[in-house]
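2 protein chains.
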Amino acid sequence: VLADGRVLNNLNKLKKDNTGYDLKNLFIGAEGTLGIITAAVLRLVPRPRSVETAFAGVPSPEEALALLNIAIERTGGEVTSFEIMTRAGIELVLQFGASVRDPLATPHPWYVLIELSSQQRDGLREAMEQILAHGFEHELVLDAAIADSLEQGKAFWRLRELFSEVQRHAGGSIKEDISVPVAAVPAFIREANDAVAKLIPGARPLPFGHLGDGNIHYNVSQPIDADKAEFLKRWGEVNEVVFAVVKRYGGSVSAEHGVGVLKRDLLPSVKDPVALDLMRGLKRLLDPKGILNPGKVL
Amino acid sequence: VLADGRVLNNLNKLKKDNTGYDLKNLFIGAEGTLGIITAAVLRLVPRPRSVETAFAGVPSPEEALALLNIAIERTGGEVTSFEIMTRAGIELVLQFGASVRDPLATPHPWYVLIELSSQQRDGLREAMEQILAHGFEHELVLDAAIADSLEQGKAFWRLRELFSEVQRHAGGSIKEDISVPVAAVPAFIREANDAVAKLIPGARPLPFGHLGDGNIHYNVSQPIDADKAEFLKRWGEVNEVVFAVVKRYGGSVSAEHGVGVLKRDLLPSVKDPVALDLMRGLKRLLDPKGILNPGKVL
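Protein sequence lines correspond, in order, to chains A and B.
In terms of our numbering, the first sequence has 295 at position 295, counting the first letter as 1, and numbering is strictly consecutive.
In terms of our numbering, the second sequence has 1213 at position 213, counting the first letter as 1, and numbering is strictly consecutive.
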């Protein structure tokens, strides 16, 4: 529904349509500032026949990335998740999370959670084993467990899903949702850690997230025994040093969470000025009276 | 490059970026009427490790569709081509194409060309055999050949690739590039054939194309011994009856070839008026002087 009340009917089930401009993607991700989406066509895909989940300890993000590339090379689109987590966060999960345990016998500096999904009946377990075997052989993987049941797979996922929530037990936490090219993730984490350590000595970076998407939730917990409120006041300064690294790698300061109010005033410092101007033009065109989700995004 | 000479730098390598409106897709498919694309970032994917190609005779588009669904269910994203062709067109290919032969011993009313591609080393041949075996068992497939070599696979593709070109040997040909939801392709072909037969008795529909995309090149050759020029004069009338069927199934009158000049004046009759109005607004916003590819699309 457009700002003037007219309804743009974009409900079609076509895979190909080249009769004009791509209007659909203009509204997706615009956070309701260009129009209100009231209906959608969904495509159903067959449920995967088999899913394999592994939890592996790795030396560093570099090795995690190398392992991701092996997994993609060997199984292509069957890599449906590839998550990275730092040990310090897993320790919080193990300490404060309910019903969790470390699937591996000893601690490791970093972890990855790998999920493969396939329409095919057979061979997925073997593919996961081969990826990990290659990882062991080339010192990309230190230890690994493959889930033997759906239940165990869910237990691996719990470690990942609790990662953000348990950070409240470590005091104040400054949270970022950044993306960089997948190949730049290890360098980003290293350089952001350095920048944060220099800015706030003792602050504890707890990066985790979707390595396969180049999307890292770069969270920073306060130094032990620091004042929470004082630490959180420095959110803008942390933004500044982290976003400088993001910018160096051509990244985004909001990979999946959007702009809203929180990041609206940041846009001029991170966005191409021509892009921002074009966004303002689109907003004027589609919502001249500024009545759609006012104050958000722009 | 925008109409006012400014450069919108949209060159990034990110899989996720939610810092504002999706500007990229506004320019893709706009045929240069909103700006000029001068650079692009390409993502490379590993070359498939194995490819299997099959050529099969089927009773009708209904069975071709059922076979496509089986192939998707069994191999998911590994179905990289699923093309449909009518016998009358294959006859022209066999008669006028250079270095071609029918891979099957007897003629069949319709054909499909199936290509599976995989990153995985093994099992793809077996998957193709199982799809075809299922097809035989359920009377979806009348006869089939699986390419035993890259060479033979290319020979199968030649039959498909010559399909359009050889139609000049059948006299004048009115060509359409439509799409409908994949599930509606058989009904579309049947109803369009009926409509064309009623309009121009003896005209020969030669539909073929990308069944997996719901995109049919619905070409119609003149009746045997008809006057070519007189036949081609009726292009608009053929459009009208074929597009009525397309519209009934929520389809597009230009699946992949775009609008340009040829289909510009058709848009008001097939496009949602609000969509068309929004397209005009975007054109005014981005190219107020009308200097970008003038006269095209709008």
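Glycine included, each C-beta is placed from N, C-alpha and C at the ideal position.
Nothing here was measured: the structure is a model prediction, and the numbers come from that model.
What residues in the region 87-110 of chain A bring their beta carbon closer than 9 Å to a beta carbon of chain B? none
Checking contacts by CB at 8 Å: is B/Q1152 closer than that to chain A?
no
is_contact[B/H1134, chain A] using C-beta, thresh 8 Å: no
Measuring alpha carbon to alpha carbon, tell me which residue in B/V1242, B/V1058, B/I1114 and B/A1145 is nearest B/I1174. B/V1242
- Would you list the residues sitting across from B/H1217 in a DSSP beta bridge? B/F1208
Chain-order list of residues whose beta-carbon lies under 7 Å from that of B/E1237 (same chain, five-residue window excluded): L1199
Exercise for review: Consider the Cβ of A/V7: report whether some Cβ of chain B lies at a distance smaller than 8 Å.
Suggested key: yes
Where are the beta strand (DSSP E) runs, 3 residues long or more, that stay fully inside the region 1022-1087 of chain B, in chain order? 1050-1058 and 1079-1086
| message | If contacts are defined as beta-carbon pairs under 8 Å, then A/P205 and A/V220 qualify, I think. What distance do you get, rounded to the angstrom? | response | 5 Å
Exercise. Residues of chain B with CB under 8 Å from A/I28, in chain order?
Worked result: D1022
Using DSSP's beta-bridge definition, name the partner residues of B/W1110. B/V1058 and B/T1086
CA nearest to the CA of A/K271, picked from A/A244, A/L285, A/P288 and A/R284 = A/A244
Beta-carbon spacing of B/L1008, A/A275 below 8 Å:
yes
Proximal residues, the region 51-81 of chain A versus chain B, C-beta separation under 9 Å: I72, E73, R74, T75, G76, G77 and E78
Practice problem: Give the residues of chain B in contact with A/Q119, contact being defined as C-beta atoms less than 9 Å apart. | Solution: I1072, E1073, R1074, T1075, G1076, G1077 and E1078
*Which residues, in chain order, does the region 151-180 of chain A contribute to contact with chain B at a C-beta distance below 8 Å?*
S179 and V180
Check your understanding: Roughly how many angstroms lie between the CA atoms of B/F1096 and B/G1250, to the nearest whole one?
Key -> 36 Å
Query raised in the report: Can you tell me the Cα-Cα spacing of B/K1016 and A/G214, whole angstroms?
Result: 8 Å
| said: Quick check on the burial criterion: 16 or more other C-beta atoms within 10 angstroms. Buried or exposed for A/N193? | reply: buried
**Message:** Measuring alpha carbon to alpha carbon, tell me which residue in B/M1128, B/L1298, B/R1125 and B/Q1152 is nearest B/S1099.
**Reply:** B/Q1152
Practice item. Can you say whether A/L162 is buried or exposed, counting buried as having 16 or more other CB atoms within 10 angstroms of its CB? Key: buried
I'd like to know if the region 46-56 of chain A and the region 1041-1061 of chain B are in contact, where contact means that at least 3 CB-CB pairs between them fall below 8 Å.
no
Any C-beta of chain B under 8 Å from that of A/K296: no
Can you tell me whether A/G209 is buried or exposed? The criterion is at least 16 other CB atoms within 10 Å of its CB, across all chains shown. buried
(message) Considering only their Cβ atoms, is the gap separating A/L262 from A/H169 smaller than 8 Å?
(response) no
Query raised in the report: When DSSP builds the beta bridges, which residues end up paired with A/A144?
Result: A/A56
From the DSSP output, which residues share a beta bridge with A/L116?
A/E52 and A/V79
Practice problem: Run the CB neighbour count on A/S252, radius 10 Å, all protein chains shown included, and call it buried at 16 or more, exposed below. | Solution: buried
*asked:* Which residues in chain A have a C-beta closer than 7 Å to the C-beta of B/V1253? List them in chain order.
replied: T19
Run through DSSP, which three-state label would A/S164 get? helix
Worksheet item: Within the 8 Å Cβ cut-off, does A/V112 reach chain B?
Response: no
Practice problem: Would you verify that the beta carbon of B/E1256 is, or is not, closer than 8 Å to some beta carbon of chain A? | Solution: yes
Practice prompt. Could you tell me which chain A residues have their CB closer than 9 Å to the CB of B/M1279, listed as they occur along the chain?
Written response: G20, Y21 and L23
Check: Going by other Cβ atoms of all chains shown within 10 Å of its Cβ, with 16 needed for buried, is B/A1184 buried or exposed?
Finding: buried
Checklist entry - Mind listing which residues of the region 201-223 of chain A have their C-beta closer than 9 Å to chain B's C-betas, in chain order? => result H210, G212, D213, G214 and N215
Subject >> Nearest-angstrom Cα separation, counted from B/D1143 out to A/F27 >> reply: 47 Å
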